[in-house]
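Taking it in order: structure first as structure tokens, then the write-up.
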Amino acid sequence: MNIFLFELKSLRKNTIIWTCSLFALAAIYLSLFPSIAKDAADFKNLLGGYPQAIRDMLGIQLDSIATLFGFYSMIFAFILLGGAIQAMNLGLSMLSKESRERTADFLLVKPVSRTAITSSKILASLTSLLLTNAVFFLASFLLANAVNTGNLDFKLFFLINITLLFIQIIFFSLGLVVSVFFKTLKSVLPLSLGITLALYMVGSLLASGADAEIVRYFSPFKYFEIPYIINHGSYEMPYLLTGLIITVVSIAVSYVVYNKKDIHAVS
């Protein structure tokens, strides 16, 4: 429990910064919605000039772009990207920070098993992500409700927003399993950005071809398509299960490898 509280406290600043950043991004775009809805025809004509590949990458759906949920789906693509970077940073840093910060000798000589250490770190990270999502959802819902001209469907808004947490958990688990295979990981950000942006580009540029359904499995960003959620009020089960499998397997492998690896403080 002491490790959990220590890690949670150390993540406090990171959590606040990312939460504020994600909401600021949503707030900037949502504040533009009333004027965009008013001039919907001109806005559609402008976006219609973009190549289809660019519209797919930005999550633009011309038929519904003038509605709140259609507009929000475009915003949410950027929010998901930011949230994924936050989660990947957490995953890569949680089990590698002792070597990077030269505290491995201090922590690992304590009468606490590596399994307990790993569990505490994972729990602290997931708590940080949960806090980010809770605050973001509440703030964005209040703002969306304020700028919407009609009644806002709470259930649908919740289904869309909770995908941020799902994506973050997947990327956190991927970062976790990647980190345990490095002897030392001196810098987290370049690797985090590289992996996250690569998966984003795979989903954005390749998921509109002939093999789109297969390619989608290689990019977690495509597991939760907002237009599908809007139209069906549910998730696509094959991709939801794939995300669950990736998360469970990644965390399980992280436990096994971390418990067996030699860990040395950076000299």
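Residues 0 to 266, numbered by this note's numbering, are exactly what the sequence shown covers, in order.
The C-beta atom is built at its ideal place from N, Cα and C for all residues, glycine as well.
Distance, residue j Cα to residue i Cα
i	j	result
F180	F223	29 Å
A115	F165	24 Å
A40	P189	41 Å
P219	G202	8 Å
F42	T126	40 Å
A123	L31	36 Å
Y254	F70	41 Å
E6	K120	6 Å
K8	P50	46 Å
L91	I64	36 Å
V265	S118	Reliability of the predicted coordinates at V265 is poor, the pLDDT of 48 falling under 50, and no value is obtained from them.
L240	A197	22 Å
N138	L175	First, the residue type needs correcting, since residue 138 is Ala and not Asn in the sequence shown. One C-alpha to the other measures close to 29 Å.
L45	M200	24 Å
Y257	R113	8 Å
Q60	L4	44 Å
I27	G48	23 Å
E212	G242	15 Å
L236	K12	In the sequence as presented, Leu is not what sits at residue 236; that position holds Met. Answer to the nearest angstrom: the Cα atoms are 35 Å apart.
L29	I245	33 Å
Proximity to residue i [Cα-Cα], best of the options
i	options	result
K272	N147, L10, S139, L7	Given that the chain is displayed from residue 0 to residue 266, the structure contains no residue 272 and the question cannot be resolved.
L130	Q85, N150, L158, L155	Q85
L204	E97, R54, H231	R54
L128	A145, A83, R113	A83
L184	L94, S20, A65, F68	L94
I168	V247, I27, M73	V247
I16	L46, S178, G81	G81
S186	I27, K12, T241, N88	N88
K260	K182, L192, K96	K182
I161	V252, G174, K96, G232	G232
F136	A211, C19, G242, N230	C19
N1	V111, M236, F153, F170	V111
L192	V252, Y28, F170	F170
K154	I245, Q60, R11, N230	N230
T14	Y28, V134, G48	V134
G149	P33, R11, D62	P33
K96	I244, L10, M236	L10
Same chain only: Cβ atoms within 7 Å of residue i, ignoring 5 sequence neighbours per side
i	result
Y234	F223, I228
I225	G58, S72, F75, I159
N132	L163, L164
I78	L21, L24, A25, L163
F156	F140, A143
First through last residue of the alpha helix (DSSP H) which encompasses residue i
i	result
Q167	153-178
P33	32-37
I228	225-231
L29	11-29
F220	Run containing F220: none; DSSP gives neither H nor E here.
G82	67-93
N258	236-259
L147	One point to set straight first is that residue 147 is Asn, not Leu, in the sequence displayed. Unbroken run through N147: none, as it is neither H nor E.
The ligand COA heavy atom lying under 7 Å from the CB of residue i
i	result
F77	Ligands displayed in this structure: none; no statement on the ligand COA is therefore possible.
Same chain only: Cβ atoms within 8 Å of residue i, ignoring 5 sequence neighbours per side
i	result
L151	L67, F140, A143, N144
V177	G90, L91, L190, I194
Y238	R215, Y216, K221, Y222, F223
V252	V176, V179
D62	G69
Cβ shell of residue i (< 6 Å), same chain only, five flanking positions each side left out
i	result
I250	S172
I35	F42
8 Å Cβ cutoff, residue i in contact with chain E
i	result
V176	In summary, chain E is missing from the structure at hand, where a single protein chain is found.
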